[in-house]
Every structure is written in structure tokens, then in C-alpha cells.
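S.K.:
Protein chains: 2
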Amino acid sequence: MSHTLGIRQVQKQKTRQALLDAALGLLEEQSLSSLGLREVTRAVGVAPTAFYRHFRSTADLGVALVEEALGSLHPMIRQTVATAEDSDQRIVRAVRLIADHVDAHPAHVRFLARERHGGVQPVREAIRDQLARFAEEVKAELAKDPESGGWNDSDLLMLAHLYVDQMLITASLFLEARETSDVEHERERVTRLATRQMRLISVGRRHWLG
Amino acid sequence: MSHTLGIRQVQKQKTRQALLDAALGLLEEQSLSSLGLREVTRAVGVAPTAFYRHFRSTADLGVALVEEALGSLHPMIRQTVATAEDSDQRIVRAVRLIADHVDAHPAHVRFLARERHGGVQPVREAIRDQLARFAEEVKAELAKDPESGGWNDSDLLMLAHLYVDQMLITASLFLEARETSDVEHERERVTRLATRQMRLISVGRRHWLG
DNA sequence: TCATCCAGTTAACAACTGTTCTCCGGAATT
DNA sequence: AATTCCGGAGAACAGTTGTTAACTGGATGA
């Protein structure tokens with residue numbers, strides 16, 4: 001049972017979302033640590049002081065963006081790892097899913113890649129924690145696979161982190177591909193590269209024991 | 211035969227280096243896109259206008275920092291991949307070399323990890339180009355290995371990029387470990403993780419063909 | 001209906017930014 | 001010895017920043 005929000009709270013959420021969207025747009029050409037509060041409110045069309053009704057600071061807004069960005073990534077990762085059938089087909093599909101996600105949410109992906117090692121500590125920590133949770137999820141999915149017989153938890157988590165990092169690297173490459181002159185060709189190149197890298201890791205996984 | 215520089219050029223290089231060092235220090239707690247020109251000159255103790263005698267902008271300074279940071283990383287990567295003997299021993303040594311490099315040049319590593327996907331385009335490009343050159347170097351070393359029989363250039367480069375990315379991820383983890391309460395324990399944990407990940411990739415490499 | 005609440009506004013603050021122009025004093029050149 | 005060169009200093013510019021305080025008006029709840 002969802003509590004119906006008054007038109008007051010609805011308006012507040014609307015401008016809050018407008019602030020997040022505007023910030024995400026501005027962050028395509030700069031880092032969070034240089035994002036100004038006034039810059040964001042100006043883009044939305046509200047007074048600078050309205051910002052404080054929603055966020056304590058731009059760093060606080062950044063943490064909110066982490067939730068949003070990784071929230072949209074959440075179902076994608078599930079879908080990537082879960083589907084079984086042939087191993088090679090799974091990799092091909094995973095890479096395509098990553099490419100599609102980058103096309104659907106380029107700004108979110110850019111934000112995560114940029115701020116994962118960025119200059120704002122709370123945001124870095126938020127991303128690190130969320131990625132760790134993703135790795136746990138991936139590990140749980142990997143554990144279901146019959147190919148994981150004889151693997152201990154530590155090794156499974158190690159592999160999960162390898163996959164998660166590889167996904168982010170691949171996503172970042174697809175992002176760069178979008179800024180190329182020959183977009184289609186570059187996307188193809190990245191697809192081939194990422195597929196082979198994933199495949200090599202999978203080969204390593206298959207022969208890990210013994 | 212090195213041309214002896216006049217005391218004028220020597221002084222210029224000295225303040226230039228001071229600017230680079232000060233910037234590197236300031237960048238431990240922020241990103242390049244928020245680094246102010248006056249901020250840097252203030253830290254060095256020179257007039258703001260002196261900055262223009264050395265760099266066109268802070269972005270220009272950033273590109274210079276890329277050269278410096280990857281220059282110090284250059285010999286390390288050579289040493290990492292080159293030494294042959296037992297395969298497992300090579301991995302163990304490589305991880306230790308990375309750890310030592312992070313301890314020796316933490317600010318450089320932080321700068322590269324942060325600005326690789328950062329908000330300043332020319333710096334991103336400079337890092338990308340340099341890393342591509344490193345991957346070419348790694349590929350050349352891998353080609354010497356008898357284990358690379360039957361590998362084509364494309365696959366070798368694919369593997370080289372995998373190794374380079376893995377090195378950067380590992381370096382970044384060692385960097386984060388330094389900011390932990392239990393530094394020694396965390397460093398140990400990262401060492402074990404990175405070693406196993408490298409090992410898995412090597413297993414994949416060994417069984418890649420056929 | 002009336003008092004309360006509260007998202008957003010307006011105005012003002014000191015502090016800061018990048019950039020230009022003019023100048024200085026010592027090194028470099030002739 | 002005389003002249004040129006040039007890294008750095010100084011002052012001033014318009015424009016920006018985060019933050020504070022007091023205020024407005026429409027939604028909210030009694």
C-alpha cells in the first residue's frame with residue numbers, strides 16, 4: 001500500500017529530480033568536485049538557495065546520483081550473469097547487454113566511471129560499497145552454475161570482482177566509442193575485444209582447479 | 211652531449227617543477243577540473259601570473275603530469291613482464307612490484323586512476339595514448355615468451371590490455387589500502403586477491419588455443 | 001475557516017576565480 | 001660595456017562562488 005503523496009511532496013520530488021538530471025548533464029564535461037551549486041540551479045531555473053531544500057552540498061547530490069546510476073545497473077547485471085545455456089552465447093549476450101545499457105544510460109555510466117576514483121570521498125565510498133554488493137550478487141549467481149563445483153567462497157568472490165571490473169572497463173570503452181568519428185566501426189571493435197577478454201577469463205575459470 | 215643550461219633556464223625548470231609538485235599534492239583531495247591556477251601558485255609561493263610562463267592552463271599542466279606519472283611507471287612495467295623463470299613466481303613478483311611502486315609514487319598513481327576517466331578531455335586522451343603504448347610494449351614482451359606460440363597479434367594485444375588494466379586496478383586497490391586503519395592487513399588481502407586474479411588470467415592464457 | 005508549514009525567492013555578503021596590462025631586475029647576448 | 005631578453009611581481013578587471021537571513025504564497029491539517 002503506497003501512501004499517496006500530496007501535490008506539495010510531488011512538486012518537491014520533481015525539482016529534486018530536475019536538479020539530479022541537470023547535474024548529470026553538466027557532469028559530462030567536468031568532475032563532481034568542480035560542480036558548483038549555483039551552476040546546477042541555474043540550469044534548472046530555480047534560485048540557488050532552493051538547492052539546500054534537497055541537498056546539503058554537491059557531494060551529497062553526488063551520493064544520490066550513485067544510488068540512481070547503480071539502481072539502473074542493478075537489473076542489467078542480474079540478466080547478464082543469470083542466463084545459462086551455452087557458455088560462449090552467454091558471453092556474447094553479456095557484451096551486447098553492456099553495449100545496450102551504455103546506449104540507454106550513457107550519462108550514468110560516465111558518472112560512475114569518472115567518480116569511482118574521483119576527488120570526492122563520500123561518493124567514492126558509495127560507489128565502492130555498491131560495486132561490492134554487485135560482486136556479491138554475481139558471486140551468488142556464479143555459485144549456482146554447475147561449473148563452480150569445488151570452488152570456495154573466496155575464489156568465487158575473486159572471480160566475481162574480476163567480472164565486475166571487466167564490465168566497467170567494457171562499458172567505459174563503449175562510452176568512448178560514442179565519441180568517435182566512425183562510431184559503428186569502433187563499437188564493433190570494442191565488442192570483439194571485450195568478447196575475447198571475457199572468453200579468456202572464462203577459459204581460465206574452466207581450468208582453474210587442478 | 212647535454213647542452214649546459216644557463217642559471218636562468220635552471221631556475222625556470224625549478225619553479226616549473228614546484229608547480230607540478232604542488233598541483234600533484236593538491237590533487238590528492240580533488241580532481242583536475244576543479245584545480246585552480248591561483249590555488250597552485252599560492253601553494254608554491256609565486257604570483258598567479260607566473261603560472262602562464264609555464265602552462266597555458268591547468269589542463270595543460272595536467273598533460274605534463276601525465277608524462278611525469280607514466281614516465282615513472284614505464285620501467286616498472288618492463289620489469290614486471292620481462293623476467294621469465296617460473297610463471298607463478300613471475301606473478302608474485304609482479305604484484306609486489308606494483309605494491310612497491312604505489313608506495314614510492316602514491317600521488318602519481320592516484321592522479322592516473324583519477325584522471326583516466328576524469329573531466330578534462332586532453333588529459334584523458336594523453337593517458338589513453340600512453341596506456342596504449344604500454345600495452346604495445348607488454349605485447350612485445352609477451353610475444354617473446356615461448357608460451358605465445360600460435361598467438362596472433364590481435365590476441366596478444368587483447369591479452370596485453372587485459373594485463374595493463376589489471377595492473378591499474380591492482381594499483382588502485384593498493385592505494386585505497388593505504389587509507390585503511392589496518393594498513394598491513396589490507397595490503398596483504400589485496401596482494402592475495404590480485405595474485406589469484408592474475409593467476410586465473412594466466413591459466414586462461416595457457417589454455418586459450420585449441 | 002484559520003493557523004501552520006515549507007518549497008522556493010530575493011537580496012546581500014565576503015571571498016574567490018582567470019586574465020590583461022604594466023613594470024622590474026637580473027641573466028644573456030652582442 | 002651596452003643592449004636585449006624574460007621570469008616573475010603587482011595591481012586591477014569583471015565575474016563567479018557558497019552561505020546567511022528574512023520573506024512570500026500556496027498547500028496542509030485542525
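Quick mapping for you: the protein sequence lines, in order, are chains R and H.
Here the working numbering is used: position 193 in the first sequence is 193, and no number is missing along the way.
Here the working numbering is used: position 190 in the second sequence is 400, and no number is missing along the way.
Even glycine gets a Cβ: it sits at the ideal position worked out from N, Cα and C.
Keep in mind the model is a prediction, meaning the values are calculated, not measured.
What in chain H is Cβ-close to S34 of chain R, meaning under 9 Å?
M.R.: By Cβ distance, chain H contributes Q240, S241, L242, S243, S244, L245 and G329.
S.K.: Would R110 of chain R be called buried (16 or more neighbouring beta carbons within 10 Å of its own) or exposed?
M.R.: Buried: at least 16 other Cβ atoms inside 10 Å.
S.K.: Would the segment 157-166 of chain R and the segment 412-420 of chain H be scored as touching if the rule is three or more Cβ pairs under 8 Å?
M.R.: No, the segment 157-166 of chain R does not touch the segment 412-420 of chain H.
S.K.: Taking 8 Å as the cut-off, decide whether the C-beta atoms of T170 of chain R and V95 of chain R are in contact.
M.R.: Yes.
S.K.: What span of residues does the alpha helix (DSSP H) with Y163 of chain R cover, start to end?
M.R.: From DSSP, the alpha helix (DSSP H) with Y163 of chain R extends over D153 to A177.
S.K.: Mind checking which residues open and close the alpha helix (DSSP H) that includes G272 of chain H?
M.R.: First-last of the alpha helix (DSSP H) with G272 of chain H: T268 to A292.
S.K.: I217 of chain H: buried (16+ other C-beta within 10 angstroms of its C-beta) or exposed?
M.R.: Per the 10 Å Cβ criterion, exposed.
S.K.: Kindly examine the ligand ATP and report whether one of its heavy atoms sits closer than 7 Å to the Cβ of R399 of chain H.
M.R.: Inclusion of the ligand ATP in the displayed structure is not the case, the ligand content being empty and no account of it being possible.
S.K.: How would you list, in chain order, the residues of chain R whose beta-carbon sits under 8 Å from the beta-carbon of S382 of chain H?
M.R.: Ordered by position in chain R, the residues that pass the 8 Å Cβ test against S382 of chain H are H117.
S.K.: Give the residues from the segment 126-152 of chain R that approach chain H closer than 7 Å (Cβ to any Cβ), ordered along the chain.
M.R.: Cβ contacts with chain H: none found.
S.K.: If you count every other CB in all the chains shown that lies within 10 Å of the CB of T401 of chain H, and 16 or more means buried, which is it?
M.R.: By the neighbour-count rule (16 or more Cβ atoms within 10 Å), T401 of chain H is buried.
S.K.: Do you know whose CA, among R:T80, R:E184 and R:L32, lies nearest F134 of chain R's CA?
M.R.: Of the candidates R:T80, R:E184 and R:L32, the one whose C-alpha sits nearest the C-alpha of F134 of chain R is R:T80.
S.K.: Go ahead and pull the three-state DSSP assignment for G119 of chain R.
M.R.: If DSSP states are grouped into helix, strand and coil, G119 of chain R belongs with coil.
S.K.: Residues of chain H with CB under 7 Å from R90 of chain R, in chain order?
M.R.: Chain H residues near R90 of chain R: none, gap ~16 Å exceeds 7 Å.
S.K.: What do you get for R206 of chain R, buried or exposed, if any count of 16 or more other CB atoms within 10 angstroms of its CB means buried?
M.R.: It is exposed - the Cβ of R206 of chain R has fewer than 16 other Cβ atoms within 10 Å.
S.K.: Out of R:Q11, R:A69, R:A104 and R:L26, which one is the CA nearest neighbour of H54 of chain R?
M.R.: Of R:Q11, R:A69, R:A104 and R:L26, the residue nearest in Cα terms is R:Q11.
S.K.: Determine the burial state of K354 of chain H: buried for a count of at least 16 other Cβ atoms within 10 Å of its Cβ, exposed for fewer.
M.R.: Under this definition K354 of chain H is an exposed residue.
S.K.: Anything in chain H within Cβ reach of L65 of chain R, meaning under 8 Å, just list it in chain order.
M.R.: Near L65 of chain R there are no residues of chain H at all, since even the closest Cβ is about 15 Å away, more than 8 Å.
S.K.: Just curious, the alpha helix (DSSP H) that H264 of chain H is in, first and last residue?
M.R.: Here H264 of chain H belongs to no alpha helix (DSSP H), and DSSP marks it neither H nor E.
S.K.: Taking Cβ positions only, does H212 of chain R come closer than 8 Å to chain H?
M.R.: Any property of residue 212 of chain R remains undetermined from this structure, which presents chain R solely from 1 to 210.
S.K.: Start and end of the alpha helix (DSSP H) containing T191 of chain R?
M.R.: That run of the alpha helix (DSSP H) goes V183 to R206.
S.K.: Would you identify the three-state DSSP class for Q89 of chain R, choosing helix, strand or coil?
M.R.: Correct three-state label for Q89 of chain R: helix.
S.K.: Would you decide whether K224 of chain H is buried or exposed? Buried here means 16 or more other CB atoms lie within 10 Å of its CB.
M.R.: Exposed: under 16 other Cβ atoms inside 10 Å.
S.K.: Name the chain R residues that come within less than 7 Å of M368 of chain H, Cβ to Cβ?
M.R.: Those within 7 Å of M368 of chain H in chain R are L193, R196 and Q197.
S.K.: V312 of chain H by DSSP, collapsed to three states: which one?
M.R.: The answer is helix: DSSP assigns V312 of chain H an H, G or I state.
S.K.: Between T268 of chain H and L236 of chain H, is the Cβ-Cβ spacing less than 8 Å?
M.R.: Taking 8 Å as the Cβ cut-off, T268 of chain H and L236 of chain H do not qualify as a contacting pair.
S.K.: Below 8 Å CB to CB, which residues in the same chain sit around A260 of chain H once its five sequence neighbours on both sides are set aside?
M.R.: The residues are T225 and T251.
S.K.: For the alpha helix (DSSP H) holding Q13 of chain R, just list the boundary residues, first then last.
M.R.: Q13 of chain R -> alpha helix (DSSP H) spans I7 to L26.
S.K.: Whole-angstrom Cβ separation of A336 of chain H and V273 of chain H, contact assumed at under 8 Å?
M.R.: Indeed they touch by this definition, with Cβ atoms about 5 Å apart.
S.K.: Measuring only between beta-carbons, confirm whether L24 of chain R sits less than 8 Å from chain H.
M.R.: No, because no Cβ of chain H sits closer than 8 Å to the Cβ of L24 of chain R.
S.K.: Have a look at S212 of chain H and H395 of chain H and give me their C-alpha separation to the nearest angstrom.
M.R.: Reliability fails at S212 of chain H, whose pLDDT of 45 lies under 50, so the model's placement of it is uncertain and no value is given.
S.K.: May I have the straight-line CA-CA distance separating H105 of chain R from A99 of chain R, to the nearest angstrom?
M.R.: Their backbone Cα atoms lie some 10 Å apart in a straight line.
S.K.: Can you tell me whether A177 of chain R is buried or exposed? The criterion is at least 16 other CB atoms within 10 Å of its CB, across all chains shown.
M.R.: Classification of A177 of chain R: buried, given that the 10 Å Cβ count is 16 or more.
S.K.: According to a CB-to-CB cut-off of less than 7 Å, which residues of the segment 94-116 of chain R neighbour chain H?
M.R.: Of all residues in the segment 94-116 of chain R, A113 and R114 have a Cβ within less than 7 Å of some Cβ in chain H.
S.K.: Return no unless some Cβ of chain R is closer than 8 Å to the Cβ of L410 of chain H.
M.R.: Yes - at least one Cβ of chain R is within 8 Å of the one on L410 of chain H.
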